[in-house]
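Numbering (the numbering used here), first residue to last: 73 to 289.
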């Protein structure tokens, strides 16, 4: 979703409930296929979640088929983490980090596209950081899910989600510098700069014991 004909989308990273993220993605897909029983059972067993959905006009009391909200909207609402005061958790307000990652000055403006092109996993390294980067960048895409319902939202495109454990692993790998940079990288220090700013975002998610969502608008 472009802001104008000449402007690339702005990429954002948000905190999400990584404890249930994979489950909810699957439940929404099952509901779309006609079986919403597990989705409704999950929501009805969580009064605070049901209230949150009702407040956002996402009424599922008459079944998924009678709710006009998109899967991408429902996913965003259901996975919104709340603090002890019932307020939405947000990444530490660091305007500089948000701007550095939001619209990268290369290609499609997606910082993760740059990483996936010009970075990689060190040879013989036990854990592969690029698997996590790939999931964060395209785990909700039509290419992976065989549908575009998470990509086509009224507010933008959902790219991918890391659950809580995956977010912890990514933070560990970023902290230890477990990535390599291609010698022909076009922007000097570009990979290192993105990794450094991404680490700030990921560390904030780990500190709050949640997962991470990548979307653009």
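Idealized CB from N, CA, C, for every residue including glycine.
Query, Result
"According to DSSP, residues forming a beta bridge with residue 167", "None, per the DSSP bridge assignment."
"Of the listed residues 81, 96 and 257, nearest to residue 234 (C-alpha basis)", "96"
"Outcome for residue 106 when other beta-carbon atoms lying within 10 angstroms are tallied against a minimum of 16", "exposed"
"Whole-Å CB distance - residue 283 paired with residue 88, under 8 angstroms assumed", "5 angstroms"
"Unbroken stretches of the alpha helix (DSSP H), 4 residues or longer, contained in the stretch 78 to 149", "93 to 104, 109 to 116 and 119 to 127"
"Residue 185 - containing alpha helix (DSSP H), residue span", "183 to 190"
"Assumed close pair residue 208, residue 222 - CB separation to whole angstroms, cut-off 8 angstroms", "Going by Cβ atoms, the distance from residue 208 to residue 222 rounds to 13 angstroms, so no, they are not a contact pair."
"Under the three-state DSSP convention, the category residue 273 falls into", "helix"
"Under the three-state DSSP convention, the category residue 233 falls into", "strand"
"Any chain C beta carbon closer than 9 angstroms to residue 225", "Although the question refers to chain C, the structure presented lacks it and comprises just one protein chain."
"Same chain, Cβ closer than 6 angstroms to residue 251, neighbours up to 5 away in sequence not counted", "191 and 201"
"Proximity of residue 175 and residue 258 at Cβ, strictly below 9 angstroms", "no"
"Three-way DSSP call (helix, strand, coil) for residue 174 in this model", "helix"
"Length of the line joining the Cα atoms of residue 145 and residue 263", "32 angstroms"
"Proximity of residue 149 and residue 112 at Cβ, strictly below 9 angstroms", "no"
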